[in-house]
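Numbering (our numbering), first residue to last: 186 to 590.
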């Protein structure tokens, strides 16, 4: 039987108290969160995603879910000293959409107070368009995030501490990658400790693998990294298939493929027609769709709380009869919206006999009507619309951005 929101809130509150949280804890049911503390020392703990994970794991794993989700929020009377901080700190890889959603959630809870928002945001290092890494304590039952308050308390520099954290991870016992199919040069990370994906920071481990071409990785969960070479269609198809299966596991990470380009891990897809293209493209779209859905939920709550009526538009994915895959969103006349960045925009006119749909590519729309759309700075990016194109502009865009179905 699924756990109720109220029961999960009670379990979370009890865990905080048992672990040494001395501040008052109450459940804010309308926002499904715990409010910890009072006066100027209040923190908020959202419960929705924790409940979903709690119900998804076997009974024996449930205490670990509570620890993982709640440990970093506890304020104790005896913090770790600086020596233990430096010894125990490790990096933690995340998709950048996670950091963006956290910021929007902070805006929802703290309003427009930039200073207060920055105090709860995790310092992090951007790796590429999709990935960033922050700092954490790896504890026996959980991973505790390392926020700006702890950096300030210890007087530590983030960049120096990050480099030390990577070295701490490198010094952990090293295991050989698994090789599930001797006939295919595709490999699977062996650790299953929640830091398999983060070991992408240890590039040398991947460059040593006997793959054909430059390494390509998928890390659909924090516990799984799949590796093949960019010159090996069979191996790439294998890790794409394994990636599909891994996404069914709890604690998803990102299903974007990344290729080592000699300097960094870069988001990558093989060319259309490649035997692994379709599977890898679908995995990429699943990650985009998940990130946009998470973002939409937070933005809608934020807009509602601020009294705004903007539409937070959805991303849709389509497959053509030829097997091509593309994404689309609708821009409706008379409705100001926050659009996801997609391959195509469908402009929907309304009213009378003139009602019809004009379709074009996103890039053509940005070039033709830049005065009607502006980026919000979210990850993944959204575009704030204002107004609607003229009939001439719609016709021009439809012609310039004609898509072959």
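Even glycine gets a Cβ: it sits at the ideal position worked out from N, Cα and C.
Simplified DSSP state of residue 188, which is helix, strand or coil: Position 3 of the chain shown holds residue 188. In this structure, DSSP gives residue 188 a state outside helix and strand, which the three-state scheme calls coil.
Proximity to residue 211 [Cα-Cα], best of 191, 199, 219: Position 26 of the chain shown holds residue 211. Checked all of 191, 199, 219; the closest Cα to residue 211 is 219.
Presumed contact (8 Å Cβ cut-off) between residue 423 and residue 366, rounded CB distance: Indexing the chain shown from 1 puts residue 423 at position 238. Indexing the chain shown from 1 puts residue 366 at position 181. The pair is a contact, with the Cβ atoms about 7 Å apart (cut-off 8 Å).
Beta carbon of residue 442 nearer than 9 Å to that of residue 456: Numbered from its first residue, the chain shown carries residue 442 at position 257. Numbered from its first residue, the chain shown carries residue 456 at position 271. No.
Span separating the alpha-carbon of residue 335 from that of residue 277: If you number the chain shown from 1, residue 335 lands on position 150. If you number the chain shown from 1, residue 277 lands on position 92. Taking the straight line joining both Cα atoms gives about 16 Å.
Exposure label - residue 289; buried when at least 16 CB within 10 Å: Here the question's residue 289 lines up with position 104 in the chain shown. So residue 289 counts as buried.
Selection from 357, 197, 564, 573 that minimises the alpha carbon distance to residue 317: Against the chain shown, residue 317 aligns to sequence position 132. Checking every option, the nearest Cα to that of residue 317 belongs to 564.
Where residue 209 falls, given that 16 or more other Cβ within 10 Å makes a residue buried: Looking up residue 209 in the chain shown gives position 24. The residue is exposed, with fewer than 16 neighbouring Cβ atoms inside 10 Å.
Rounded separation between residue 240 and residue 468 - CA only: Numbered from 1 along the chain shown, position 55 holds the residue referred to as residue 240. Numbered from 1 along the chain shown, position 283 holds the residue referred to as residue 468. The straight-line gap from Cα to Cα measures roughly 25 Å.
Reduced DSSP category for residue 231 - H, G, I as helix; E, B as strand; rest coil: Taking the chain shown and counting its residues from 1, one reaches residue 231 at position 46. If DSSP states are grouped into helix, strand and coil, residue 231 belongs with the strands.
Where residue 444 falls: helix, strand or coil (DSSP): What you label residue 444 is simply residue 259 of the chain shown in a count that begins at 1. Note: residue 444 maps to strand in three-state DSSP.
Close beta carbons around residue 369, own chain, < 7 Å, minus the five adjacent residues each side: Residue 369 sits at position 184 when you count from the first residue of the chain shown. Excluding sequence neighbours, residue 369 sits near 419, 420, 423.
Backbone CA spacing between residue 406 and residue 425 [nearest angstrom]: One-based indexing of the chain shown puts residue 406 at position 221. One-based indexing of the chain shown puts residue 425 at position 240. If you take the alpha carbons of residue 406 and residue 425, they lie about 13 Å apart.
Nearest candidate by alpha-carbon position, reference residue 201, set 378, 400, 248: On the chain shown, residue 201 is found 16 positions in, with the first residue counted as 1. Check the Cα spacing between residue 201 and each of 378, 400, 248: the tightest is with 248.
CB contact flag (residue 254, residue 274, <9 Å): The count along the chain shown starts at 1 and reaches residue 254 at position 69. The count along the chain shown starts at 1 and reaches residue 274 at position 89. Taking 9 Å as the Cβ cut-off, residue 254 and residue 274 do not qualify as a contacting pair.
Sub-9 Å separation of residue 302 and residue 312 beta-carbons: Stepping through the chain shown from its first residue, residue 302 is reached at position 117. Stepping through the chain shown from its first residue, residue 312 is reached at position 127. Going by C-beta atoms, residue 302 is not nearer than 9 Å to residue 312.
Residue burial classification, residue 449 (beta-carbon count within 10 angstroms, cutoff 16): Locating residue 449 in the chain shown gives position 264, counting from the first residue. Answer is exposed; the Cβ neighbour count stays below 16.
Residue 589 versus residue 427 - alpha carbon distance: In the chain shown, residue 589 corresponds to position 404, counting from 1. In the chain shown, residue 427 corresponds to position 242, counting from 1. Only weak support is given to the placement of residue 589: the predicted model assigns it a pLDDT of 41, under 50, and the value that follows is read from those uncertain coordinates. Whole-angstrom Cα-Cα distance: 32 Å.
Same chain only: Cβ atoms within 8 Å of residue 355, ignoring 5 sequence neighbours per side: Taking the first residue of the chain shown as 1, we reach residue 355 at position 170. Same-chain partners within the cutoff: 387.
Counted within 10 angstroms of its Cβ, other Cβ atoms place residue 498 as buried (16 or more) or exposed: Counting from 1 along the chain shown, the entry for residue 498 is found at position 313. It is buried - the Cβ of residue 498 has at least 16 other Cβ atoms within 10 Å.
Nearest-angstrom beta carbon gap, residue 398 and residue 415 [assumed within contact, 8 Å]: Position 230 of the chain shown, counted from the start, is the residue given in the question as residue 415. Position 213 of the chain shown, counted from the start, is the residue given in the question as residue 398. Confirmed, Cβ separation roughly 4 Å.
Beta-carbon proximity list for residue 400, same chain, < 6 Å, skipping 5 on both sides: As a position in the chain shown, residue 400 is number 215, starting the count at 1. Taken in chain order, the residues that qualify are 391, 412, 445.
C-alpha gap between residue 192 and residue 214, whole angstroms: If you number the chain shown from 1, residue 192 lands on position 7. If you number the chain shown from 1, residue 214 lands on position 29. Roughly 11 Å between the two C-alpha positions.
Endpoints, the alpha helix (DSSP H) within which residue 490 is located: If you number the chain shown from 1, residue 490 lands on position 305. First-last of the alpha helix (DSSP H) with residue 490: 462-491.
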